[in-house]
Each structure stands twice: as C-alpha cells, then as structure tokens.
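Here is the structure we will look at.
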Amino acid sequence: MGRGAKRRSRARLADLPQGSIALEPLPRDEDKPAYPTVVQQARSNMTKFENCVLLTRLYFEHAEEFGPLLNLKVARKKTNAGPVAMAGFPFYQLDRFLKILVQDLNRYVAISEEFPNDASAKVKSGGLMFDRKVTRIITPGTLIDENFMDPYENNFLLGIHMETKILDGTKGNGGQTFGADEATTVPVGLAWLDLSTGDFFTQSTTLMSLPSAIARIRPREIVLDKSLQALCDHDILLMLQEDRYLVTYHQASPEILPVSAWSPMLEVPVSEKLRAEFTTEEVSAGSSLLGYVRVRLLGMEMKLQPPIRRLAVENMGIDKNSMRALEIKSTLRDGVSKGSLFHAIRRTVTKSGARMLGNWLTSPSTSLSTINNRLNLVSQFLDDQDLRANMVQLLRRCYDSQRLVQKFSLGRGDPEDLIALLRTIEATQGISTILGDMLGRGGATPIIDRHLERSLPGAHSATACIAELLRRLSIDGPTALANQISKAIDEEGLMQKQRIEESKAASVMEAAQGIVDAEAIEEEGIATLKNGTLKGELKSNGGGGEGGGGTEFEDVWVMRKRASTILRNLHAALDVLGAERIDQTKLQIKAEEERIFQSLRQQVIYNLAKLRRNAVVLDELDVLCSFATLAQEQHFVRPILGLRSSHKIVGGRHPMVEAGLYEQGRSFTPNDCFIGEEERVWFITGPAIDRDSRPNMAGKSTFLRQNALITILAQVGSYVPAEYAEIGIVDQIFSRVGSADDLSHDRSTFMVEMLEAAEILNQATPRSFVIMDEIGRGTTPEDGIAVGYACLDHLYRTNKSRLLFATHFHTLADMAKHFKHIGFYCTDVAEDAHGSFSYVHRLRAGVNRQSHALKVARLAGLPESAIRVARDVLDTLRPQITSYQSPAEAGGFGQPPVSIPS
Numbered sequence: 001m002g003r004g005a006k007r008r009s010r011a012r013l014a015d016l017p018q019g020s021i022a023l024e025p026l027p028r029d030e031d032k033p034a035y036p037t038v039v040q041q042a043r044s045n046m047t048k049f050e051n052c053v054l055l056t057r058l059y060f061e062h063a064e065e066f067g068p069l070l071n072l073k074v075a076r077k078k079t080n081a082g083p084v085a086m087a088g089f090p091f092y093q094l095d096r097f098l099k100i101l102v103q104d105l106n107r108y109v110a111i112s113e114e115f116p117n118d119a120s121a122k123v124k125s126g127g128l129m130f131d132r133k134v135t136r137i138i139t140p141g142t143l144i145d146e147n148f149m150d151p152y153e154n155n156f157l158l159g160i161h162m163e164t165k166i167l168d169g170t171k172g173n174g175g176q177t178f179g180a181d182e183a184t185t186v187p188v189g190l191a192w193l194d195l196s197t198g199d200f201f202t203q204s205t206t207l208m209s210l211p212s213a214i215a216r217i218r219p220r221e222i223v224l225d226k227s228l229q230a231l232c233d234h235d236i237l238l239m240l241q242e243d244r245y246l247v248t249y250h251q252a253s254p255e256i257l258p259v260s261a262w263s264p265m266l267e268v269p270v271s272e273k274l275r276a277e278f279t280t281e282e283v284s285a286g287s288s289l290l291g292y293v294r295v296r297l298l299g300m301e302m303k304l305q306p307p308i309r310r311l312a313v314e315n316m317g318i319d320k321n322s323m324r325a326l327e328i329k330s331t332l333r334d335g336v337s338k339g340s341l342f343h344a345i346r347r348t349v350t351k352s353g354a355r356m357l358g359n360w361l362t363s364p365s366t367s368l369s370t371i372n373n374r375l376n377l378v379s380q381f382l383d384d385q386d387l388r389a390n391m392v393q394l395l396r397r398c399y400d401s402q403r404l405v406q407k408f409s410l411g412r413g414d415p416e417d418l419i420a421l422l423r424t425i426e427a428t429q430g431i432s433t434i435l436g437d438m439l440g441r442g443g444a445t446p447i448i449d450r451h452l453e454r455s456l457p458g459a460h461s462a463t464a465c466i467a468e469l470l471r472r473l474s475i476d477g478p479t480a481l482a483n484q485i486s487k488a489i490d491e492e493g494l495m496q497k498q499r500i501e502e503s504k505a506a507s508v509m510e511a512a513q514g515i516v517d518a519e520a521i522e523e524e525g526i527a528t529l530k531n532g533t534l535k536g537e538l539k540s541n542g543g544g545g546e547g548g549g550g551t552e553f554e555d556v557w558v559m560r561k562r563a564s565t566i567l568r569n570l571h572a573a574l575d576v577l578g579a580e581r582i583d584q585t586k587l588q589i590k591a592e593e594e595r596i597f598q599s600l601r602q603q604v605i606y607n608l609a610k611l612r613r614n615a616v617v618l619d620e621l622d623v624l625c626s627f628a629t630l631a632q633e634q635h636f637v638r639p640i641l642g643l644r645s646s647h648k649i650v651g652g653r654h655p656m657v658e659a660g661l662y663e664q665g666r667s668f669t670p671n672d673c674f675i676g677e678e679e680r681v682w683f684i685t686g687p688a689i690d691r692d693s694r695p696n697m698a699g700k701s702t703f704l705r706q707n708a709l710i711t712i713l714a715q716v717g718s719y720v721p722a723e724y725a726e727i728g729i730v731d732q733i734f735s736r737v738g739s740a741d742d743l744s745h746d747r748s749t750f751m752v753e754m755l756e757a758a759e760i761l762n763q764a765t766p767r768s769f770v771i772m773d774e775i776g777r778g779t780t781p782e783d784g785i786a787v788g789y790a791c792l793d794h795l796y797r798t799n800k801s802r803l804l805f806a807t808h809f810h811t812l813a814d815m816a817k818h819f820k821h822i823g824f825y826c827t828d829v830a831e832d833a834h835g836s837f838s839y840v841h842r843l844r845a846g847v848n849r850q851s852h853a854l855k856v857a858r859l860a861g862l863p864e865s866a867i868r869v870a871r872d873v874l875d876t877l878r879p880q881i882t883s884y885q886s887p888a889e890a891g892g893f894g895q896p897p898v899s900i901p902s
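Letter 713 of the sequence shown, counting from 1, is numbered 713 in the UniProt record's numbering, and no numbers are missing.
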C-alpha cells in the first residue's frame, strides 16, 4: 500500500461494546483574558452609546482619537487582555472639555459618573465599591447650564416634521425636488425649545418658507425623523446641508403624543382651547422633539414653559438672505456680532434682555397695538430720565433668572444659584415699588399721554402700559421664597467655602495628573511610585524611640504622619472623638443642609411660573429702557406706524455705517425716502459699484440697506435714525444685495443672484418691502439688462411691493420710464479743476448715466498705463454704448427696436 493510501477497517456489530456509553465532558477552552471590571464597564458604555464620546475617562479608541484633541496625556494600562489606552481629567474641568467637543467639534458626549454599589452589586462586580453609569447625553442642542454657553443667544433645539409619504415617492436618486408652486403648499411642522431657559415654540410653515424660518430660529441642532435618513437627497436635507446645520436623526415613537400628553414636561398644562389650535404637523414635530430630549436627558425631569404658537401673520418675515445681507445678528464679512445691527443698538444691561432684543430684531411685530405700546414706554423712559436711571440700576442687580429657575426645574442648581435668585427677586420688588409709586403719583407724563392719544387713536397710553406691566408682575410668592432663602443660607459662609474650594483646586489637578503619570510608569515596568501630590496618613500604635516595648504611653497616644517631615501625636480619646462623634455630626449637618436645600428647590419649582413671568417683564423693561438710552445717545426719533403701503422717511441714516464713520471722525450724509402710492418704485443709479469700497462710498447700497433697517427698528418698537419717519406696516422684507459665488455648492455668482431673486418674486406681497441692488451683474450686459428688467417688471406689475431698485444698467431707466408709479433718483460725484473728485452721497432726482469707473480704478491704484488703455477702449465703444442706453430710439444692439409692454 502506497504512502498516504486510505486504510479501511471492518467490524461486526456484535463485536462492538453494548450498553450506554459514558459521556465525558468535552475539554473546556481556556477562558479568554478579560479586561478589569472598570475598563469593561467603559467598553460596555461605549458600545451602548456608540455615537457619543464617553467622559470623564477616555478609554480605547476614544483616548487615542480625542486625547490629543483635548491636550490630554494618553497612557497605556496593562491588562490581561492587552494594553488599554486611557486618558482623563477631573470632573470639575468638565465644562472646559465639553466646550471643545460639543461647541467647537459638534460631537455628542455621554457623561459617566460613579455610583456606590450596594452589597449585591459589590458581589456581582467583584468587590468594586462603585459602578459607572451614563447619567446624561449632551449634544449641541441640549445644553443646560454649561459655562461656555453664549449668554446673549438662545440655544435652540429644532424639530422638523414633514410627512415621509410626501418625500418617499422618489424620482430616480432617492429624493424629490419640488417646484416653486408645489413648495408653497407642502406643509412643514416646526417645534423648537431651549433647555437652558425652558422656552418652547411651535409653528406651521411651508417648504418654501422653511429656510427663512430656520434662519430666524438659528438652532444649534436640528432633529429629523429617522425614516428620512434613507432618503439621501430629500429636500429638507438639501436645505440644511446648504447652510451647514447639525442634523440628528431620531427614531420617533410610532404613536404621536397628543398635546395633552406633554403635560408632565410642562410647568402648567395646555388648555383644551389652545390644544385645538395646534396643527397636525406642529403636534408631530413637538412630540418627536420632546421624545428626543427625554432620551438625551436619561430620565431627568424637566419643566418647560407651555408651547407658544408662532403665527406668520404676527411677525415680519425676514428671509435668510436678508438676514445675512442686512447684518442683523452678524456681519456679512466675518460672521461676528461686532458691526451688526444687534451690536450697534444694544444698550441692555442683562443677558436675558440681550437675548430678547435679538429675538425681537429677527421677528419684528406686525401688530400696531404691540408696536405702539412699546413705543409709548420708550417715550416715557426717554422723557423721565430719573425713572430710567432707577430702572437700569435695579436691572443691573438682576441675574439671568430664566436660566436660573430652569436649572432648578431640571434638578440642578446650587446655593449660589439661590443667592442669585434672591438678588433678582429683591430687584423685582424694587421695580414693582417704583412703578407702583409712579402710578400713585398720577401715572406717566401728562404731556406724553395727551400727545399719544391725539396722534395714535386707540393706542394705550403710557400710564396704561405701565399699569399692565405692573399687573403682570407676581410679587407675593417670590417674596416669600426670597425670605426663606435669606434665612436659610449664610451668604458670607458660602463665599468663604468657595474660596477654600478654589484654593484646593490646584492640588487636586496636580493629584489627577499624578494618577495619569502613575499609569504610564506602571506600563514601563517601574515598581516604585513617587508622587508627592498624593497625601496619605499612617496610624501607629507601636512605641516610638529605642524602647520598642509596650508602655502605657502607647495606649494613650496615636502617632499620625501628616507630611514627610512632620509627626503628630494625638490622644486616643480625641482620636475616637474625631473618628466617631465629630464625623457623625458632620454627616448630620450635611444631611440637614441637603434637606433644607431640597425644600428651597421645591419652593422654586412651586413658584416657577411666577418667576418666569417676572423674568419676561424684566427683560421687556431692559430692552425698552435700552431703546430710550439709544434714542438719547444717537438722536433717534419716534416713528409713526400705520396701515398704508408707504414710507415717508426724512433724513434717514444707516445705524452701523454712521457708528463706523463716527469712530473715524467723519459724518454720515442722511437721505430721504418717499415710497407710496405715487412712487411705489424708486429706481436708483449712480457711480461705479461702491459695495466693496469703504463705507458709504457712493451710497446706493447703503441707502437701500438703511431704509430696510429703519423699517425693522420701527416694527420692534424702537426709535429710528431719522429726522422724521412715517411707515406703513411691512409684512416681509426681502433683500438681494451683495451676492457672491457659492463654490461649495457649485453655484456661480449669477446663479446665487437668480436663486435670491426667485425667492423674492415668488413670495413678495403688496405689503412687502424689497431692496434689489445690481441685479444681473453676474452675466453679460445684454442678459443682465433682460433679467433686470424682467425682475423690475414682475415686482411692479405682479407683486406690487414697495421697491428700491439700484443698478448701473442705465438702459433700464429708459425701458421703465413708462411705469406710472416710479421715481428716478441717483447719486453723483463732484470733480474739481485738478481732476480730483469726491462722492456726493445725497440722492437727487434723475438718472446718472456716468459710472465714473475710471475714477474708481485710479482711486484703487490701477496703473496709469492701464487707465489710458481703458479710456481709449471706452472712447471706441462710446457710440455703441449710447445706442445701447437708448433702445427706444436706437433700437438697441443693432437689433430691431425693443417692444416694451405698456
């Protein structure tokens, strides 16, 4: 038989052993090496919360990836299962690292804390005294009281609901793009809240208006239903990606919670009457949003304010392009607050007042009564400077009470927060007393009230407005709470305790670093550990000195080692006293302090609704006092609001440009604006483009923006930068000013212009105010003129909006001269005998057909040789340009005469 051949064996059945065969257990595989219990707990939490960074201790790949980003030293711990990367930091430094991960990197973080094990848990964990559990998941939209939060901005979390069946009828690539007409009818539900203040809002909108609604809310995080995640190119996602919002997909409950089921999460239930007003889309968005928050808070209780429905008709609409172009909250160039309208007019003294001001600026009111009531109070504070000074002094003592009480409603807060709340309640009492005394003396200044009653029939007087503010203040409950806080908390002792804790912080940090260093030393095989920052104490009942034998002294005294060179001897009786009676007393004191604190926290929650109402009144007073201060400083005037579709502004000024010029020692040139039934459109021409030059260079773009800003200020209830202003209520403001290319989305400058123009033409109404600057500049002159005229014609004939239309296409003036309700205005330059020139910023009637481009080129530093070539070319083209500018006479571009519809 050859090598490797198979062998066969034969046996009879009778020869085989009979009966049962003894079964021996199979040999058991050797147990795989396991991680230590603490490390295994971390691995389990990392698996359970896979999209989160686990803090405050980082292990495995988290330590490798995020340790260097957080500037933490990464050590390696030897285990039976292999080395484990690890890094960490003290818990009190959590805010510092949360800022980097959550605010800067938009990461989700799971907070893991230690909890003592009971007897059975100790057995299960192998004797561990503590178990590590995730207590909260922190995302950019679920911040509560972190120190790095912007105190002047809300931290909104937005939920968007749109029926999936509308989108899942995909066309080709998994998404569906709606046309303009369809987008105006597709319903979308919005719900947004701020966990740090308890604010909660809902709104119904359309797919067309969704980008502008989101731009107004400015959410830090947006929650979508997980069913939309499979549709990679759905319309909502494309909108959100364009503006780079953080999107989180959440698996919502299959059953939509009705508004009545939201009550456990609200300070007071929503009334049955109000519940009936919410649309299906709003309820779906709110239900999904609250479900997401519950998951992130991991069982933490919350008390939000009842949801407030936002109606589009109650506020001026400002589309996202206008919000950016008008620089309402941030500048166009740098995206920062400094230089914006918000920064230019802010005179508030509280953080919450600044937040309210920002919200008013992005959502001006369209209610005449609301606007005039605000203006009445501003007039009163402007006239009565002593009243305003007293108000501001008391408001400065107020803390951010909305965020304070929200911390307590979420089971957080500390004695320092109670002291801050006490100071705020005391300031509220003072404000209530001042307003009450004022009403007792006869109310507001009679001259002001008579003037208001005469010029604003139906408007509440300043006295009535102050009485309404006083009525909204709730004093009794918060006053009793303040008395309890004052009796229970030793403020001086609290400050001393804080100083002691701060003095220990450095040594604790050093000790924590020592722990990390110790792990690194262990990895390198060093057997001994020297760490001067870790202090221990030794007890010795043995004799000291050379005797070594037992003595009576040994039974009386106990030796304690406090430092490397210090030995202390304590009497045994004192040692027992310290170990038992004093420690027991400390525990009793601590338990009593905790009981009192929890009682005070419950009282805060009991007065939650009153404290929040008071906070809103304080914020309104802060904003209105700031308007009065601004009016006095900048010589603003009170606008007159009405229902006519007209603007009558005399000596209007641009608030931000004027402030910038003032810093340079220069003055601003004011301009008038009269738009109404006679001249519904102002057609403005002027010198070469001034947009990228120094502020207010030629003035066209500045003039357009300043009138939009004056309108916004008037409808938030502020005085305005003008000599006189009479403004008809505006429902929407649209701006097509200062477009640039968008290379990240493969859009040219002209494409961006057309997208902005399309939004305006599709949404503007006869009550809208539109500013358009240099439409058609991103393409050839012929195409630019055609597009420019089409937009002008559509806005004039179809939208019938109030329109400021600026262009350097002078031909458009000839094409539009047959419009009945149009006025032609221009800026100019003044040139002296030496060839020097300066811009004349004041508008005059007429059309400026000279762009003065060569003057601007020389001013910009273009070489003289290049300027001479440009002049020669211009002289050659001038005959063509002349015919180009008069198509009605010359037939335009060598083509048959243009037929302009009349």
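Positions of the beta carbon are idealized from the N, C-alpha and C atoms, including for glycine.
Start-to-end residues for the alpha helix (DSSP H) that takes in residue i
{"i": "residue 914", "result": "This structure leaves residue 914 out entirely; the chain is present only between 1 and 902."}
{"i": "Asn-376", "result": "368 to 383"}
Run of the beta strand (DSSP E) containing residue i, from where it starts to where it stops
{"i": "Gln-203", "result": "199 to 206"}
{"i": "Ser-112", "result": "108 to 116"}
{"i": "Gln-732", "result": "732 to 736"}
{"i": "Lys-77", "result": "75 to 77"}
{"i": "Arg-310", "result": "308 to 310"}
{"i": "Met-86", "result": "84 to 88"}
{"i": "Val-53", "result": "52 to 55"}
Burial state of residue i (16 or more Cβ within 10 Å)
{"i": "Asn-321", "result": "buried"}
{"i": "Gly-545", "result": "Interpretation of Gly-545 is limited by its pLDDT of 46, a score under 50 that renders its predicted location unreliable; no figure is taken from the coordinates."}
{"i": "Asn-106", "result": "exposed"}
Spatially closest choice to residue i from the options, by CA coordinates
{"i": "Leu-375", "options": "Thr-463, Leu-843, Leu-210", "result": "Thr-463"}
{"i": "Ala-325", "options": "Arg-396, Glu-314, Leu-304, Thr-362", "result": "Thr-362"}
{"i": "Gln-715", "options": "Ala-615, Glu-153, Ile-727", "result": "Ile-727"}
{"i": "Ile-485", "options": "Ile-425, Thr-135, Gln-393", "result": "Ile-425"}
{"i": "Phe-809", "options": "Arg-802, Gln-584, Gly-788", "result": "Gly-788"}
{"i": "Ile-144", "options": "Met-300, Val-38, Asp-235", "result": "Met-300"}
{"i": "Gly-686", "options": "Phe-674, Ala-806, Lys-610", "result": "Ala-806"}
{"i": "Ala-276", "options": "Leu-266, Gly-291, Val-259", "result": "Val-259"}
{"i": "Tyr-719", "options": "Lys-338, Glu-146, Gln-380", "result": "Gln-380"}
{"i": "Trp-262", "options": "Gly-291, Asp-243, Thr-811", "result": "Gly-291"}
Cα-Cα separation, residue i to residue j
{"i": "residue 907", "j": "Leu-410", "result": "This structure does not reach residue 907, given that the chain is present from 1 up to 902, and the question cannot be answered."}
{"i": "Asp-731", "j": "Gln-251", "result": "37 Å"}
{"i": "Tyr-825", "j": "Ala-725", "result": "20 Å"}
{"i": "Val-102", "j": "Val-293", "result": "16 Å"}
{"i": "Trp-77", "j": "Phe-60", "result": "The sequence as given places Lys at residue 77; Trp does not occur at that position. Near 10 Å, if we compare the C-alpha coordinates of Phe-60 and Lys-77."}
{"i": "Thr-827", "j": "Met-323", "result": "26 Å"}
{"i": "Lys-586", "j": "Gly-198", "result": "37 Å"}
{"i": "Arg-397", "j": "Ala-482", "result": "15 Å"}
Close Cβ partners of residue i (< 7 Å) along its chain, the five nearest in sequence each way excluded
{"i": "Arg-347", "result": "Ser-626, Thr-629, Leu-630"}
{"i": "Ala-722", "result": "Val-637, Ile-649, Val-650, Gly-651, Gly-652, Arg-653, Ile-710"}
{"i": "Leu-70", "result": "Phe-97, Ile-100"}
{"i": "Ala-215", "result": "Lys-320, Met-323"}
{"i": "Phe-91", "result": "Thr-56"}
{"i": "Ser-284", "result": "His-161, Gly-189, Ile-256"}
Own chain residues within Cβ distance below 6 Å of residue i, not counting five before or after
{"i": "Leu-257", "result": "Ser-287"}
{"i": "Ala-110", "result": "Phe-49, Cys-52, Leu-54, Val-134, Ile-137"}
{"i": "Pro-151", "result": "Lys-351"}
{"i": "Ala-87", "result": "Leu-58, Ala-63, Gly-67, Leu-72, Val-74"}
8 Å Cβ shell around residue i - same chain, five flanking residues per side excluded
{"i": "Val-268", "result": "Pro-306, Ala-609"}
{"i": "Ile-867", "result": "Leu-854, Ala-857, Arg-858"}
{"i": "Asn-359", "result": "Asn-154"}
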